[in-house]
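S.K.: Take a look at the following structure, please.
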Ligand SMILES: Cc1cc2nc3c(=O)[nH]c(=O)nc-3n(C[C@H](O)[C@H](O)[C@H](O)COP(=O)(O)OP(=O)(O)OC[C@H]3O[C@@H](n4cnc5c(N)ncnc54)[C@H](O)[C@@H]3O)c2cc1C
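In UniProt numbering, the protein residues as written are 1 to 395.
Now the structure itself:
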């Protein structure tokens, strides 16, 4: 079976489709035909992938990302207990960008006219979209990432006990996946804060805590674990509270920093707030910039940092870029207004805890919303891909 991107315009595009520039050094790329319509998107995560997809048939788009694929981040914990799940959730950028460039190298500098990558290639832009979200050290190729999930699965499978460090969404969702798929294993979650899931309310945190307890996951709060405290052959770790945790393997699920440190050396350095977020206006343009937009977790918008929100940003920003490219009046651009925050934390394959604006609920009913497919079909569909088909080979 093959994964076929659906081309809404039927335009098979220019000759530079899927053009890979990673081999070229210290070179400027210029597209004469694209003058006035050159859009560079930095970051191929939830926001940047959708923005590139939405712009590809209206502009000369270049997506810059350190890796060749886009990953549905919130499906990663399922892939650790079911590696084949990742076949649908790790998507090569070229599968949904048929009419644009994909550059697999991180951006390292931005001037008022250009973006420079670590490979030394310079890309001129008329419009720039920054969507660098969070930093993570990830394999460059899709195949390497799939192999990583296989290795993590083998590690879990061959262990009798697993230690999870960090009680945010990644730690809680991983503990739940292991508790459901491998109920015979002893799972311990150590979190240095007073409660789990500090990004949501106390009620949601309590429900997640109770659910994990009901699955016999040991949750240790307000303590740090010293991962250097176990010597070879002795897999017993010390916590800051003097407890010991025996575990055959461990996973670090601590939060990832924003990928904005590099922006401090660019022409956008003065557009960062104290937390390293890019300050944007109601059109999602970086403050005081006419042609630079920022979307997703990197923005300073006071709202929950969620993927479905990052996708809304991508829709608004790309609409505005198309409007400006077609000579539209600046004042008629679409505005973005934060909506109500919703968070759903999956608890294994059937259950979840969901926080809505006026109530919080857990169990199999909210589990129906997220936990079975983890929004994978929906996320693929938004990028023009078949929600179900699995690609079996890649060229
Ligand atoms: C366990 C977990 C569960 C979650 N569940 C949900 C959920 O159910 N629903 C939901 O809506 N949200 C969920 N989220 C939140 C969601 O994952 C994020 O809000 C979303 O990923 C933000 O998207 P983004 O595009 O802004 O950033 P990211 O997805 O972090 O993407 C950033 C991209 O930028 C790239 N990049 C970084 N630096 C550079 C550079 N210098 N040059 C070029 N590229 C660069 C990275 O490689 C990456 O591809 C969850 C998060 C976690 C951790």
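A virtual CB, placed ideally from N, CA and C, is assigned to each residue, including glycine.
This structure is a prediction, so every number in the text was calculated from the model and none was measured.
Please report the residue range of the alpha helix (DSSP H) in which residue 148 lies.
M.R.: Here residue 148 refers to the residue found at position 148 of the chain shown. That run of the alpha helix (DSSP H) goes 142-157.
S.K.: Measuring from the CB of residue 107, is there a heavy atom of ligand 1 at a distance below 7 Å?
M.R.: Residue numbering aside, residue 107 sits at position 107 when the chain shown is read from its first letter. Residue 107 Cβ: within cutoff of ligand 1.
S.K.: Residue range of the alpha helix (DSSP H) that residue 343 falls in?
M.R.: In the chain shown, the residue the question calls residue 343 occupies position 343. Premise fails: residue 343 lies in the beta strand (DSSP E), 343-347, not in any alpha helix (DSSP H).
S.K.: Alpha carbon to alpha carbon, how far is residue 352 from residue 377? Give it in angstroms, no decimals.
M.R.: In the chain shown, the residue the question calls residue 377 occupies position 377. In the chain shown, the residue the question calls residue 352 occupies position 352. Using only the alpha carbons, I get a separation of about 18 Å.
S.K.: From what residue to what residue does the beta strand (DSSP E) around residue 39 run?
M.R.: Your numbering for residue 39 matches position 39 in the chain shown. Start and end: 38-42.
S.K.: Kindly provide the ranges of any beta strand (DSSP E) runs that are 3 or more residues long and lie completely inside the stretch 186-263, ordered along the chain.
M.R.: Correct list: 186-190, 218-220, 236-239, 244-246 and 249-252.
S.K.: Applying the 10 Å Cβ sphere with the 16-neighbour rule, what's the burial state of residue 169?
M.R.: Here residue 169 corresponds to residue number 169 of the chain shown, with the count starting at 1. It counts as buried.
S.K.: Quick one: what's got a C-beta closer than 7 Å to residue 217's C-beta in the same chain, skipping five residues either side?
M.R.: Within the chain shown, the letter at position 217 stands for residue 217. Excluding residues within five positions, the ones whose Cβ falls inside 7 Å are 175, 179, 187 and 189.
S.K.: Using C-beta distances below 6 Å, list every residue in its chain close to residue 375, excluding the 5 sequence neighbours before and after it, in chain order.
M.R.: Taking the chain shown and counting its residues from 1, one reaches residue 375 at position 375. Correct list: empty, nothing qualifies.
S.K.: Whose C-beta lies closer than 6 Å to the C-beta of residue 257 among residues of the same chain, with five residues either side of it excluded?
M.R.: Mapped onto the chain shown, residue 257 falls at position 257. Same-chain partners within the cutoff: 135.
S.K.: Tell me the DSSP bridge mates of residue 71?
M.R.: Numbered from its first residue, the chain shown carries residue 71 at position 71. DSSP, once it has assigned bridges, lists 90 as partnering residue 71.
S.K.: Less than 8 Å between the beta carbons of residue 43 and residue 70, yes or no?
M.R.: The residue you call residue 43 lines up with position 43 of the chain shown. The residue you call residue 70 lines up with position 70 of the chain shown. No, the pair does not count as a contact, with Cβ atoms beyond the cut-off.
S.K.: Is any heavy atom in ligand 1 found nearer than 7 Å to the beta carbon of residue 306?
M.R.: Numbered from 1 along the chain shown, position 306 holds the residue referred to as residue 306. Yes - ligand 1 has a heavy atom lying nearer than 7 Å to the Cβ of residue 306.
S.K.: Suppose you measure from the CA of residue 62 to the CA of residue 104; what does that come to, to the nearest Å?
M.R.: Counting from 1 along the chain shown, the entry for residue 62 is found at position 62. Counting from 1 along the chain shown, the entry for residue 104 is found at position 104. Each residue's alpha carbon lies about 11 Å from the other.
S.K.: Do you know offhand how far residue 318's Cα is from residue 115's?
M.R.: Here residue 318 refers to the residue found at position 318 of the chain shown. Here residue 115 refers to the residue found at position 115 of the chain shown. If I take the Cα positions, the gap works out to 19 Å.
S.K.: Are the CB atoms of residue 310 and residue 47 within a distance shorter than 8 Å?
M.R.: Stepping through the chain shown from its first residue, residue 47 is reached at position 47. Stepping through the chain shown from its first residue, residue 310 is reached at position 310. Yes. Within cutoff.
S.K.: By the 10 Å Cβ neighbour count, where 16 or more other Cβ atoms means buried, how is residue 210 classified, buried or exposed?
M.R.: As a first step, residue 210 is located in the chain shown; it is residue number 210 there, counting from the start. Counting Cβ neighbours within 10 Å, residue 210 comes out exposed, since fewer than 16 surround it.
S.K.: Taking only the alpha-carbon atoms, compute the straight-line gap between residue 372 and residue 349 and give it to the nearest angstrom.
M.R.: As a first step, residue 372 is located in the chain shown; it is residue number 372 there, counting from the start. As a first step, residue 349 is located in the chain shown; it is residue number 349 there, counting from the start. Roughly 5 Å separates the two Cα atoms.
S.K.: For the beta strand (DSSP E) that residue 294 lies in, which residues bound it at each end?
M.R.: For the purposes of this step, residue 294 is taken as residue 294 along the chain shown, with counting starting at 1. Start and end: 292-294.
S.K.: Rounding to the nearest angstrom, what Cα-Cα distance links residue 383 and residue 343 in this structure?
M.R.: Taking the first residue of the chain shown as 1, we reach residue 383 at position 383. Taking the first residue of the chain shown as 1, we reach residue 343 at position 343. Cα-Cα distance, rounded: 22 Å.
S.K.: Which of the three DSSP states is assigned to residue 335 in this structure?
M.R.: The residue given as residue 335 occupies position 335 in the chain shown. Residue 335: coil per DSSP, three-state reduction.
S.K.: Mapping the DSSP letters down to three states, classify residue 125 as helix, strand or coil.
M.R.: As a position in the chain shown, residue 125 is number 125, starting the count at 1. Note: residue 125 maps to coil in three-state DSSP.
S.K.: For the alpha helix (DSSP H) containing residue 280, name the first residue and the last one.
M.R.: As a first step, residue 280 must be located in the chain shown, where it is residue number 280. Element bounds for residue 280: n/a, residue is neither H nor E.
S.K.: Is any heavy atom of ligand 1 found at a distance shorter than 7 Å from the C-beta of residue 135?
M.R.: In the chain shown, counting from the first residue as 1, residue 135 sits at position 135. Yes, Cβ of residue 135 sits closer than 7 Å to a heavy atom of ligand 1.
S.K.: Check this for me: beta carbons of residue 60 and residue 325, under 8 Å apart or not?
M.R.: Translated into the one-based positions of the chain shown, residue 60 becomes position 60. Translated into the one-based positions of the chain shown, residue 325 becomes position 325. No, these two residues do not count as a Cβ contact at 8 Å.
S.K.: Tell me which same chain residues have a C-beta within less than 6 Å of the C-beta of residue 380, skipping the five on either side of it?
M.R.: Against the chain shown, residue 380 aligns to sequence position 380. 387.
S.K.: Report the rounded CA-to-CA distance for residue 130 versus residue 182, giving the unit in angstroms.
M.R.: Taking the chain shown and counting its residues from 1, the one referred to as residue 130 is at position 130. Taking the chain shown and counting its residues from 1, the one referred to as residue 182 is at position 182. Residue 130 and residue 182: Cα-Cα distance of roughly 40 Å.
S.K.: At a cut of 8 Å, does the stretch 265-272 reach the stretch 282-290 through at least three beta carbon pairs?
M.R.: Yes, the stretch 265-272 is in contact with the stretch 282-290.
S.K.: With a threshold of 7 Å on Cβ separation, who are the neighbours of residue 92 within its own chain once the five nearest residues in sequence on each side are excluded?
M.R.: On the chain shown, residue 92 is found 92 positions in, with the first residue counted as 1. Within the same chain, residue 92 has close Cβ partners 68, 69, 142 and 394.
S.K.: Do residue 297 and residue 166 have their C-beta atoms closer together than 8 Å?
M.R.: Here residue 297 corresponds to residue number 297 of the chain shown, with the count starting at 1. Here residue 166 corresponds to residue number 166 of the chain shown, with the count starting at 1. Not in contact: residue 297 and residue 166 (Cβ atoms no closer than 8 Å).
S.K.: So what does residue 285 bridge to, in DSSP terms?
M.R.: The sequence position of residue 285 within the chain shown is 285, counting from 1. Answer is 293, bridged to residue 285.
S.K.: Taking Cβ to Cβ, would you say residue 231 is nearer than 8 Å to residue 238?
M.R.: Against the chain shown, residue 231 aligns to sequence position 231. Against the chain shown, residue 238 aligns to sequence position 238. Taking 8 Å as the Cβ cut-off, residue 231 and residue 238 do not qualify as a contacting pair.
S.K.: Excluding the 5 residues flanking residue 24 on each side, which residues of the same chain have their C-beta closer than 7 Å to its C-beta?
M.R.: Translated into the one-based positions of the chain shown, residue 24 becomes position 24. Low confidence applies here, because residue 24 scores a pLDDT of 43, under 50, leaving its location unreliable and the question unanswered by this model.
S.K.: Are three or more beta carbon pairs between the stretch 274-286 and the stretch 192-204 nearer than 8 Å?
M.R.: Counting Cβ pairs under 8 Å, fewer than three are found: no touch.
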